[in-house]
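Okay, so the sequence shown: first residue is 24 according to this note's numbering, each after it adds one. Contents: one structure, followed by commentary.
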Amino acid sequence: MDIQIGAECIKCRKCERVCPAGIITYNEKNKSMDISRAERCIVCGQCAAACPVGTLKHSSFPEGSIKPFDKNDCPTAEQLMLLIKKRRSNRAFSTNEVADEDIDKIIEAAQYTPTARNSRDIGFVVIKDSDKLLELSEFTCSTFEKMTSRLENPFIKPVLSRIRPDFYKSVPVMKHVIKGFRKHNEGILRNATAAILIYTKDNGMFSNADANLAYQNASLMAESLGVNHFYTGYLCAALRLNKGTLEKKLDIEGTIQAGMAIGMPLFSFTNYIDRGKAAVKHL
Numbered sequence: 024m025d026i027q028i029g030a031e032c033i034k035c036r037k038c039e040r041v042c043p044a045g046i047i048t049y050n051e052k053n054k055s056m057d058i059s060r061a062e063r064c065i066v067c068g069q070c071a072a073a074c075p076v077g078t079l080k081h082s083s084f085p086e087g088s089i090k091p092f093d094k095n096d097c098p099t100a101e102q103l104m105l106l107i108k109k110r111r112s113n114r115a116f117s118t119n120e121v122a123d124e125d126i127d128k129i130i131e132a133a134q135y136t137p138t139a140r141n142s143r144d145i146g147f148v149v150i151k152d153s154d155k156l157l158e159l160s161e162f163t164c165s166t167f168e169k170m171t172s173r174l175e176n177p178f179i180k181p182v183l184s185r186i187r188p189d190f191y192k193s194v195p196v197m198k199h200v201i202k203g204f205r206k207h208n209e210g211i212l213r214n215a216t217a218a219i220l221i222y223t224k225d226n227g228m229f230s231n232a233d234a235n236l237a238y239q240n241a242s243l244m245a246e247s248l249g250v251n252h253f254y255t256g257y258l259c260a261a262l263r264l265n266k267g268t269l270e271k272k273l274d275i276e277g278t279i280q281a282g283m284a285i286g287m288p289l290f291s292f293t294n295y296i297d298r299g300k301a302a303v304k305h306l
């Protein structure tokens, strides 16, 4: 790890203030910015992004990888708020496929999600093959069938329903999904033409949060591109109930943490619904 601060440094100390690892400090005696314990660097890029004169050089950020930008090119707060308010889980898909270029942009947006300790432990699986998409729905349905069968076992239910009544709140929902799927009324992926699964190699303390933050970035990009999408909640529930099975089937070395079903719209919404005031407690 090689980090250098050139002679052009203006001693603004921004790099010191933003470094989460605390390896950049201002030397009062020498009036210089010093680097210590460089091995603790998490390669987050905060220092290079904050440097106003571009004098900080980092071996992990080769020439051309630090990109200046103009704030005027960013959407306004009002524009972003409108995008957020109009975003909906539109499950009315046409048969048209999502362009590869749009899928790439959705994944790129997700890739730029902040992750705990800059782990960047996020991977993606894009599924467009219709048979593979059917496998996702079949996995979900069969998992729900096994779970409802266990929960309604006459030897288990009388005891478990008293100890964990919350388990049984989901039974009607799972039965509804099963019934619809077995009658060829696809309510799991809703005939989406593709799915993006977000996984992490590790399944640590922040892995699920990292992946679901990535989903939100991907969702905003999909909305801006006019791509219909929704969170694969039933699939994710099945993944929690049947850990490791789908990952093995799809040859994924990690844990699927989130999923997005995508497709082109059959039609678009023209209104958003006012949600009123948020429930906020000020302390």
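No residue lacks a Cβ here, since even glycine has one placed at the ideal position from N, Cα and C.
When the Cα atoms are used, what is the spatial distance from residue i to residue j?
{"i": "T268", "j": "A73", "result": "44 Å"}
{"i": "A122", "j": "T136", "result": "22 Å"}
{"i": "S172", "j": "E62", "result": "53 Å"}
{"i": "L212", "j": "E270", "result": "18 Å"}
{"i": "G277", "j": "V149", "result": "15 Å"}
{"i": "I219", "j": "L248", "result": "16 Å"}
{"i": "G87", "j": "H81", "result": "12 Å"}
{"i": "E175", "j": "H252", "result": "34 Å"}
{"i": "P75", "j": "E39", "result": "13 Å"}
{"i": "K151", "j": "E120", "result": "9 Å"}
{"i": "C42", "j": "I58", "result": "11 Å"}
{"i": "Y222", "j": "T163", "result": "17 Å"}
{"i": "A241", "j": "R114", "result": "17 Å"}
{"i": "P181", "j": "D189", "result": "14 Å"}
{"i": "Y238", "j": "F178", "result": "40 Å"}
{"i": "E161", "j": "M170", "result": "14 Å"}
{"i": "R298", "j": "E246", "result": "19 Å"}
{"i": "F92", "j": "Y191", "result": "52 Å"}
{"i": "M244", "j": "A132", "result": "6 Å"}
{"i": "I47", "j": "L236", "result": "29 Å"}
{"i": "N141", "j": "R185", "result": "43 Å"}
{"i": "H199", "j": "I279", "result": "24 Å"}
{"i": "L264", "j": "A217", "result": "23 Å"}
{"i": "A301", "j": "E209", "result": "34 Å"}
{"i": "R110", "j": "Y295", "result": "8 Å"}
{"i": "T78", "j": "Y49", "result": "15 Å"}
{"i": "V66", "j": "A44", "result": "10 Å"}
{"i": "A30", "j": "E51", "result": "16 Å"}
{"i": "C259", "j": "K272", "result": "15 Å"}
{"i": "M24", "j": "L262", "result": "39 Å"}
{"i": "Q134", "j": "K108", "result": "23 Å"}
{"i": "K266", "j": "E168", "result": "15 Å"}
{"i": "V194", "j": "D225", "result": "30 Å"}
{"i": "F147", "j": "K54", "result": "46 Å"}
{"i": "A32", "j": "K94", "result": "First, the residue type needs correcting, since residue 32 is Cys and not Ala in the sequence shown. Going from the Cα of C32 to the Cα of K94 covers about 23 Å."}
{"i": "P85", "j": "V196", "result": "52 Å"}
Kindly indicate which three-state DSSP category residue i falls into: helix, strand or coil?
{"i": "D152", "result": "coil"}
{"i": "T48", "result": "strand"}
{"i": "A132", "result": "helix"}
{"i": "T293", "result": "coil"}
{"i": "S55", "result": "strand"}
{"i": "T278", "result": "strand"}
{"i": "I126", "result": "helix"}
{"i": "A61", "result": "helix"}
{"i": "M170", "result": "helix"}
{"i": "F178", "result": "coil"}
{"i": "A71", "result": "helix"}
{"i": "A139", "result": "helix"}
What is the C-beta distance between residue i and residue j, in whole angstroms, given that I count them as a contact (C-beta under 8 Å)?
{"i": "V250", "j": "D125", "result": "6 Å"}
{"i": "A284", "j": "A215", "result": "4 Å"}
{"i": "T138", "j": "I129", "result": "Their Cβ separation, rounded to whole angstroms, is 18 Å, which puts T138 and I129 out of contact at 8 Å."}
{"i": "M287", "j": "S117", "result": "5 Å"}
{"i": "M56", "j": "K90", "result": "Incorrect: roughly 23 Å between the Cβ atoms, too far for contact."}
{"i": "Y254", "j": "S112", "result": "7 Å"}
{"i": "C64", "j": "I26", "result": "7 Å"}
Which full runs of the alpha helix (DSSP H) of 4+ residues lie inside the stretch 181-267, going along the chain?
-> Within the stretch 181-267, the complete alpha helix (DSSP H) segments of 4 residues or longer fall at 194-205, 230-248, 256-264, listed in chain order.
Can you give, in chain order, each stretch of the alpha helix (DSSP H) that sits fully within the stretch 76-109 and has at least 4 residues?
-> If we require 4 residues or more, the alpha helix (DSSP H) runs fully inside the stretch 76-109 come out as 100-109.
Does the count of Cβ pairs from the stretch 102-110 and the stretch 195-215 closer than 8 Å reach three?
-> Two segments are said to touch when three or more pairs of C-beta atoms, one from each, lie closer than 8 Å; by this definition the stretch 102-110 does not touch the stretch 195-215.
At least 3 beta-carbon pairs within less than 8 Å: the stretch 154-174 vs the stretch 222-234 | Taking a cut-off of 8 Å on C-beta distances, the stretch 154-174 does not touch the stretch 222-234, as fewer than three cross pairs fall below it.
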